[in-house]
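Those protein sequences? They're chains A and B, same order as listed.
Note that our numbering has the first sequence beginning at 1, numbered continuously upward.
Note that our numbering has the second sequence beginning at 1001, numbered continuously upward.
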Amino acid sequence: MRWRVLLSILTLLVAGATVAGSVWWTDDAFPFAPFRMFSHANDPNGVVRSMRFEAELASGERIRLEASAVGLRRAELEEQTPSNRRVPDERLAAIADVYNRRHDDGIVHLQVIVRRVDLIGGVPQPGETTTVIGDWAAPGWSGERVEVDLPEAGPWRGHG
Amino acid sequence: MADVRDWWQAQWFAPLPRERLAVFSRIVHLTVLFTVFVTDRWVADHAWAPREFWQPVGIARVLGIPAPVPSTMEALQVVIAVSAVAAIAGVGPRRLVNAVVGCGYLWWLVWAFSFSKVDHDRLTIVVALAVLVVVPGSGRGRDPLVGWALRTVQVVFLLAYPLSALAKLRASGMAWMSSAVFARAIVRRGSSLGDWFVTRPALLQAGQWLFISFEIAAVAGLSRRRAVRATVLVGIVVLHLFTYATIGIHFLPHTICITAFLPLERVHPAHVAARFRARQVPLHALTSLPTDRSVG
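The following block contains the structure:
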């Protein structure tokens, strides 16, 4: 009988932690994180922002740098890159460094571009706008740069 | 008091076939292998991701788990592969093998989610792996411990739905239902079916109401009435198929645990062999047939 009591306590602990995760805790409490996939509503008359990294390689080729090319998921790269702040040069240099270790044709210029699509009544409208929020170039690169006039992004804000 | 105890016993310790848990154990361990070596390859890539992006979750900080590097990431995959294959093959001490798979997979998930994004489809399989350490799923016949193990998985599986409804209301309030959250997901992840829906915002909003209402109602799946349970489970399958068709997300480590509700013992090798034998002509009938030699 004693094992049934022990298992009942274990059950209550697991169920309690699962509920507590969704009621009070954040993702930091993994594996008892809240089930918050798609929980953030967005205004049907608001905007949808997405981010892309564009790179120029030493060969002159321009590529769209996927997060996976630097060992990350798109959501991880975007989560730690606030769309309304300037991306620090050191951060872009670290990203370029990881890419360049694995490729002969390395990155010499890297930009972070935010794409904005307006919604009206929940329907995406034509005519998207783009803003450069980060611009890094390897020493000696002489192409055209974009001056980013935004406050610099601070440390990651943590799990909300 | 006795009534409460009886109710609790019936809810949590109904004797179920050990063969059911044995099959469930194999399904869970196969899912571990499938996710680690097929769908989650991005986790292995974290070994060489920029170190600036390492943001350890609470459990990693408490246990002092360091960021992965290529050699430790490879070692972990070897441990998971060997232990999960041993668990599926039934080789070695069950409880120990299951514990190694459980710890290995949890470690893998810590490395997966310590780069600032936590996926929310892993709790059920983590709990399933944990209960398989307590009740390893071997032997024959009915056992109340098997009932406890499978019931625990069922409860966590079903809790995910009302709790994700709660998380939506917590994050966004009632505005969630009339927001453009489905439209946003489709714009970002797109599919041909999604593109058809995205131009019909009223339909998407109705879908959001339906979605959250069903999530809350899903707790009825804990009912011991077969018809209610079956209706909820079919609804859950439809909900996941719809999500996969529109935005391409399958939540496999969670959804596979729906098998904890099924009479899996029917596909257990011992039962399949018994059924096969039952269909054969009895052996004594064969031996009593006259043969050429006996006639001659």
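Note that the Cβ used here is the ideal one computed from N, Cα and C, for glycine as well.
Source: prediction; values computed, not measured.
In this chain, A1014 (chain B) is not harboured by any alpha helix (DSSP H), its DSSP state being neither H nor E.
Pairing F1037 (chain B) with L1030 (chain B), the inter-Cα distance amounts to about 10 Å. If you look at E1215 (chain B), you'll find it in the alpha helix (DSSP H) that goes P1201 to A1217.
In the displayed model, V117 (chain A) falls within a strand according to three-state DSSP. C-alpha of A58 (chain A) to C-alpha of L150 (chain A): approximately 28 Å in a straight line.
Residue range R1226 to I1247 is occupied by the alpha helix (DSSP H) that includes V1237 (chain B).
Annotation for A137 (chain A): the continuous beta strand (DSSP E) segment containing it runs T129 to A137. In the displayed model, E54 (chain A) falls within a strand according to three-state DSSP. Flagged as an interface residue toward chain B: P31 (chain A), by a C-beta distance shorter than 8 Å.
With respect to the 8 Å criterion, L1222 (chain B) and L1158 (chain B) are classified as neighbours on the basis of their beta carbons. Excluding five sequence positions before and after D135 (chain A), the CB atoms of its chain that fall closer than 7 Å to its own CB belong to Q111, R145, V146 and V148, given in chain order. For the set A:S50, A:I113 and A:I120, the Cα lying nearest the Cα of V87 (chain A) is the one of A:I113. Assignment of Q1280 (chain B) by DSSP, reduced to helix, strand and coil, places it in the coil class. Counting C-beta atoms within 10 angstroms of its own C-beta, P31 (chain A) has 16 or more neighbours from the protein chains shown and is therefore classed as buried.
The region 1145–1195 of chain B is shown to contain whole alpha helix (DSSP H) runs of 4 or more residues at 1175–1178 and 1181–1189, in chain order. By the 16-neighbour rule on beta-carbons within 10 angstroms, D1119 (chain B) is buried. Around L1123 (chain B), the same chain offers V1156, A1160 and H1254 as residues with beta carbons nearer than 8 Å, after the five sequence neighbours per side are excluded.
For I1258 (chain B), no alpha helix (DSSP H) encloses it, and the DSSP letter there is neither H nor E.
The beta carbon of E1074 (chain B) does not come within 8 Å of any beta carbon belonging to chain A, so the residue lies off that interface. Contact residues of the region 1042–1056 of chain B toward chain A are W1042, D1045, H1046, A1047, W1048, A1049, P1050, R1051, E1052, F1053 and Q1055 (C-beta to C-beta distance below 8 Å). Residue pairing by DSSP places P124 (chain A) opposite A:L119 in a beta bridge. Counting along the chain, I63 (chain A) sits inside no alpha helix (DSSP H); it lies in the beta strand (DSSP E) bounded by residues R62 to L65. In this structure, G71 (chain A) and D1045 (chain B) form a Cβ contact; the two beta carbons are roughly 4 Å apart against a cut-off of 8 Å.
In the structure shown, L110 (chain A) falls within a strand segment according to DSSP collapsed to helix, strand and coil.
Residues of chain A whose Cβ lies closer than 7 Å to the Cβ of T1199 (chain B) are, in chain order, V123.
Within its own chain, the residues whose Cβ lies closer than 8 Å to the Cβ of G1147 (chain B), once the five positions on either side in sequence are excluded, are W1012, F1013, A1014, P1015 and L1016, listed in chain order. Counting along the chain, I1065 (chain B) sits inside no alpha helix (DSSP H), nor does DSSP assign it H or E at all. Three or more beta-carbon pairs separated by less than 8 Å link the region 32–51 of chain A to the region 1166–1185 of chain B, which places the two stretches in contact.
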